[in-house]
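Below: one structure, written as structure tokens.
Numbering (this note's numbering), first residue to last: 2 to 233.
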């Protein structure tokens, strides 16, 4: 789907469930659907070569939501986009334990503020695996991804990874990442928040009037998951 000359969608969800999909140059808005772009489904399958580029999402809940437990995404490029005035996350890559070769880069994220009472809403970019485990098994982690060249402001948490392995976060410029946003969403205030992760790189983070980096344990039913010293 390629938008030209001001193409836009309002209160419409683009549901991605196949390979070789391109979404480019479109403006999206509307609080009707949970997500403007949904990537997933419950059918086991391998999806390849997703490109999302040069989109604008504003005044919506989630912009891009991936639910990955049942299927695999092999190769995704989510680039050069703008997200603002959202209740949910700009990009949420959830339980994506089968995915690989994911690039999320060159985005501007502004004014993410969950005021609707939803728990765990209101993050800039979030990626999550499945259940925490002290052995850090590959098949339970979100892995093999890069988050780079992100400019974000006015939200509670800008980049979030839980139960992740083999990833890079670099070149992040943050401003006003403070507890003034998403006050009742139950999420920590941090520019970069990492929970229960192994073998990762965080590089070149520029923060102005912002909470710092939170690197912590994962918790399962009140038990902490050991933190490995593999931060570079």
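Just so you know, even glycine gets a beta-carbon here, dropped at the ideal spot from N, CA and C.
Tell me which residues share the same chain as residue i and place their Cβ nearer than 6 Å to its Cβ, disregarding the 5 neighbours each side in the sequence.
i, result
"residue 86", "59, 60 and 112"
"residue 66", "36, 39 and 93"
"residue 30", "11, 59, 60 and 61"
"residue 173", "151 and 206"
"residue 21", "50"
"residue 208", "175 and 192"
"residue 228", "Because the pLDDT of residue 228 is 48, which lies under 50, any placement of that residue in the model is unreliable, and the question is left without a value."
"residue 123", "113, 115, 157, 183 and 186"
"residue 34", "14"
"residue 81", "54, 55 and 107"
"residue 180", "190"
Would you kindly check if the distance between the Cβ of residue j and the Cβ of residue i is under 7 Å?
i, j, result
"residue 127", "residue 102", "no"
"residue 27", "residue 56", "yes"
"residue 125", "residue 156", "yes"
"residue 110", "residue 160", "no"
"residue 90", "residue 183", "no"
"residue 147", "residue 169", "yes"
"residue 149", "residue 178", "no"
"residue 98", "residue 130", "yes"
What is the DSSP secondary structure of residue i, reduced to helix, strand or coil?
i, result
"residue 141", "helix"
"residue 156", "strand"
"residue 126", "strand"
"residue 27", "coil"
"residue 165", "strand"
"residue 68", "strand"
"residue 193", "strand"
"residue 73", "strand"
"residue 63", "strand"
"residue 146", "strand"
"residue 13", "coil"
"residue 1", "Absent from the model: residue 1. The displayed extent of the chain is 2 to 233, so no value can be given."
"residue 182", "coil"
"residue 119", "coil"
Answer with buried or exposed for residue i, where buried requires no fewer than 16 other C-beta atoms within 10 angstroms of its C-beta.
i, result
"residue 139", "exposed"
"residue 72", "buried"
"residue 44", "exposed"
"residue 24", "buried"
"residue 17", "buried"
"residue 19", "exposed"
"residue 70", "exposed"
"residue 190", "buried"
"residue 201", "buried"
"residue 88", "buried"
"residue 197", "buried"
"residue 9", "exposed"
Hey, out of the options, whose CA is closest to residue i's CA?
i, options, result
"residue 84", "100, 154 and 96", "154"
"residue 108", "137, 171 and 212", "171"
"residue 74", "13, 96 and 33", "96"
"residue 42", "63, 68 and 64", "68"
"residue 134", "163, 32 and 210", "163"
"residue 48", "9, 32, 100 and 7", "100"
"residue 32", "64, 7 and 46", "64"
Skipping 5 residues on each side, what residues in its chain have a beta carbon closer than 7 Å to that of residue i?
i, result
"residue 188", "121, 123, 124, 157 and 158"
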